[in-house]
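What follows is one structure encoded as structure tokens, with my remarks underneath.
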Amino acid sequence: MSTIGYESWAVDLAEVGAIYPFQGWEMTMTVIGVIFWIGWHRIQFKRESEHLEKAKMLGDTDKITAIVERYWRGLTWLGAADYLLPP
Amino acid sequence: MDGNLNALTTVFTEFYYWVTVVFMFLIHVGFCMYEVGASRRRNHMHTLMKNIMIIPLVTVTFFFFGWWIYWAFPDFPFFGGLNHEMGDANLPWSETMATNLSDRITGVFWAAFLLFSWTAASIVSGSVIERIRSSALWVHAVLIGSVFWIIDAAWGWHYAGWMVKYLGYHDAYASGVIHAIAGGYALGVIMVLGPRLGKFAPDGTPRDIPPHNPWLLTIGIFLIYTGFWGFYAACNVPVISPEVIGGEITGTTWTATNIYLAPTSLSAITFNFLMSLSGGLMAAYVVSKGDAFWTFSGGLAGIITASAGNDLYHPIQAMLVGAVGVVIVYKLHYWVEKRFKLDDAVGAVAVHGYSGVIGLIIAGFVLWGAPSSPFEGYATVSPLGQTAGAVIMFFVLGFLPGWGVSKIQAAMGVLRIPEEVELQGLDYAEHHAYEDAKADIIAADKAYLAQK
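Respectively, the protein sequence lines represent chains X and B.
The first sequence: position 16 = 16 (the numbering used here), numbered continuously.
With the second sequence counted from 1, adding 1000 to any position gets you the numbering used here.
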């Protein structure tokens, strides 16, 4: 028994076509794949909406200012990131 | 694969497309670097994530339905029904859409088209940075990457597409089928999305929002240039015999062809790629008075403008077409920005959309009367056919869907981020775990040092 339909490679390759496991289940695999894709959008959309709603009401000016400051003084990628540093 | 020549041709073609895919990956890397370089620091992570996730979302949807559209839609819906014979072989449950020793080409050919899809979606992504919701952009990415561009490819970038047959549409290296449609789509989205806060002064004067990191931008665009070599090669069939083409070509000379199976050579497109790049860079430098952003983008715009006819142009024609296109694009960008108050953050509408449209129309004049296909009965290239094609690409399949879907998203309140979040930056809003982790570790380090 083999999931790919071949238990040995003692075959003429000219006669060989599909060699993936579970041949015959392609339609089912497609349905599962589409559910995975749509489900991902659903989860991401819900999570992003919650994040944005929370972030809108943060109101913690000090924390946000600190974050912005870190951006300015943080990375120095390729030695050029200071080019817009505030005075 | 019976026979040595057949086996060699198959394996060479398989490897050829595979290499183009690897090269084209650099286009996406370049787009990511360009977008991050152009965005402000409070939006880096969001900007990067927005573009990276285009890769899986467009890939899976292009597997599920995009590739089928290409093969099923060449005549649909105006000049015939769906082509089930070709379409069915490219459905996601087809045996050839998988590990299959009797078909060594479908996977690499699918991937070459897929990388074009990423590019189309990534073009839209750049113009909307710093204010669009990721969820909204990713819906647009799937639509442009796995639906609309591939419909236009079936119509105008397929040896049997109706636009090729009846309009003589000629677009060898995708001025219209990738760039015009993506630019038109981006224009539709940004018209509804609106500009970034502060982009326009109260009197309507546009403000420049300079890239935070010009080096990142430079490396990004050079990676895009590099990836374009793969893009160009992927638009060709590397080697094919007249017998296999089955058209009107006589004799037994094998050749490379464009996507319409009409003859060209890799050497020809190498000449023209480099000359149109050069024409674009030189014209952009002059017209922008040495502005770095526009000069680099101008090289790309030069290539895009000449791409429709770069399989046949003389290199000097390619250079001049690229140069003329860039001057028009530059002027048009600033006129549209000022007149309509549109904020195209990376100039994508101009560099891709306007260049694509202009390139198609110019090709109609320069290649007037040239055969669009090796098959009998097809219309020849003409200014009218190319202009109609440009309208279909930019407006019908690009602008209208982008604008319409954005209108729906805006009405549902799911297109744009809240103003408060835009001011504080998207990285904190959507990637606060990253920010909080940074804050925590900095606090911990400080506390440790204080104890010493």
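Glycine included, every Cβ here is placed at the ideal spot set by N, Cα and C.
Close-in-space but distant-in-sequence residues of the same chain around residue i (CB under 7 Å, 5 per side omitted)
i               : result
H1044 (chain B) : V1036 and D1427
Q1317 (chain B) : V1366
S1122 (chain B) : H1028, F1031, N1051 and I1054
F1065 (chain B) : S1146
M1319 (chain B) : M1275, S1276, S1278 and G1279
L1281 (chain B) : T1295, G1298, G1299 and G1302
V1357 (chain B) : A1180, A1390 and F1394
R1041 (chain B) : H1212
W1068 (chain B) : G1087, N1090 and L1091
Neighbour list for residue i in chain B, Cβ cutoff strictly below 7 Å
i             : result
F45 (chain X) : S1135
E26 (chain X) : W1093
Y20 (chain X) : A1098 and T1099
G17 (chain X) : E1095, N1100, L1101 and S1102
CB contact flag (residue i, residue j, <8 Å)
i               : j               : result
M1024 (chain B) : L1115 (chain B) : yes
V1239 (chain B) : A1262 (chain B) : no
G1156 (chain B) : G1176 (chain B) : yes
S1372 (chain B) : V1164 (chain B) : yes
Q23 (chain X)   : G5 (chain X)    : yes
S1267 (chain B) : A1301 (chain B) : no
W1403 (chain B) : V1192 (chain B) : yes
G1168 (chain B) : A1379 (chain B) : yes
W1138 (chain B) : L1057 (chain B) : yes
L1026 (chain B) : T1226 (chain B) : yes
V1305 (chain B) : G1359 (chain B) : A small fix is needed here, since residue 1305 (chain B) is Thr in this sequence, not Val. Yes, they are a contact pair.
H1170 (chain B) : V1381 (chain B) : yes
Y1070 (chain B) : A1153 (chain B) : yes
P1401 (chain B) : L1223 (chain B) : no
R1133 (chain B) : E53 (chain X)   : no
N983 (chain B)  : T1264 (chain B) : The question about residue 983 (chain B) has no answer, for chain B in this structure spans 1001 to 1452.
A1089 (chain B) : T1096 (chain B) : yes
L1216 (chain B) : M1412 (chain B) : no
V1346 (chain B) : A1038 (chain B) : yes
V16 (chain X)   : S1094 (chain B) : no
T1061 (chain B) : W37 (chain X)   : yes
V1351 (chain B) : H1140 (chain B) : no
K1341 (chain B) : G1230 (chain B) : no
K1338 (chain B) : P1242 (chain B) : no
P1074 (chain B) : H1212 (chain B) : no
Interface residues of chain X facing residue i [CB-CB closer than 9 Å]
i               : result
I1361 (chain B) : Simply none; closest approach about 38 Å.
L981 (chain B)  : Limits of chain B in this structure are 1001 at one end and 1452 at the other, which puts residue 981 (chain B) out of reach.
Y1064 (chain B) : Checking the sequence, you will find Phe at residue 1064 (chain B) rather than Tyr. Within 9 Å Cβ-Cβ: T30, G33, V34 and W37.
Y1225 (chain B) : What Y1225 (chain B) touches in chain X: nothing, since even the nearest Cβ is about 18 Å away.
Residue(s) in a DSSP beta bridge with residue i
i               : result
T1264 (chain B) : B:A1256
I1240 (chain B) : B:T1255
R1416 (chain B) : B:I1132
A18 (chain X)   : B:N1100
T3 (chain X)    : BP columns for T3 (chain X) are empty, so no partner.
T1380 (chain B) : B:P1371
P1206 (chain B) : B:F1200
Check: residue i C-beta below 7 Å from any heavy atom of the ligand ADP
i               : result
G1066 (chain B) : Looking for the ligand ADP in the displayed structure turns up nothing, as the structure carries no ligands at all.
Partner residues on chain X for residue i, Cβ-Cβ distance less than 7 Å
i               : result
E1420 (chain B) : K56
I1417 (chain B) : L52
Y1434 (chain B) : Here the premise fails: no neighbours, minimum Cβ distance about 11 Å.
Y1070 (chain B) : Correct list: empty, because the minimum Cβ distance to chain X is about 18 Å.
Y1034 (chain B) : Correct list: empty, because the minimum Cβ distance to chain X is about 14 Å.
Cβ-based neighbour list, residue i, same chain, cut-off 8 Å, excluding 5 preceding and 5 following
i               : result
A1111 (chain B) : Y1017, W1018 and V1021
F1453 (chain B) : What the structure shows of chain B is the stretch from 1001 to 1452, and residue 1453 (chain B) is not part of that stretch, so it cannot be assessed.
S1135 (chain B) : V1414
Y20 (chain X)   : I4
P1383 (chain B) : I1361, G1364, F1365 and W1368
Cutoff 6 Å; reference residue i; Cβ partners in own chain excluding five residues on either side
i               : result
R1196 (chain B) : E1130, R1131 and D1343
L78 (chain X)   : Confidence at L78 (chain X) is low in this model, with a pLDDT of 39, below 50, so its placement is unreliable and the value that follows should be read with caution. Same-chain partners within the cutoff: there are none.
W1149 (chain B) : A1120 and I1181
K1452 (chain B) : none
F1375 (chain B) : G1247
Chain-ordered neighbours of residue i on chain B, where CB pairs are closer than 9 Å
i             : result
E50 (chain X) : Residues of chain B passing the Cβ test: none, with the nearest at roughly 10 Å.
Neighbouring residues, chain X, relative to residue i (Cβ below 8 Å)
i               : result
T1061 (chain B) : W37
Y1017 (chain B) : Chain X residues near Y1017 (chain B): none, gap ~21 Å exceeds 8 Å.
Using 8 Å as the Cβ pair cut-off and three pairs as the minimum, do the region 1381-1388 of chain B and the region 1413-1424 of chain B touch? These segments do not touch.
Between the region 1322-1339 of chain B and the region 1097-1115 of chain B, do three or more beta carbon pairs fall short of 8 Å? They do not touch, by the three-pair rule.
Three CB pairs or more closer than 8 Å across the region 1320-1327 of chain B and the region 1276-1293 of chain B: Cβ pair count under 8 Å is three or more, so yes.
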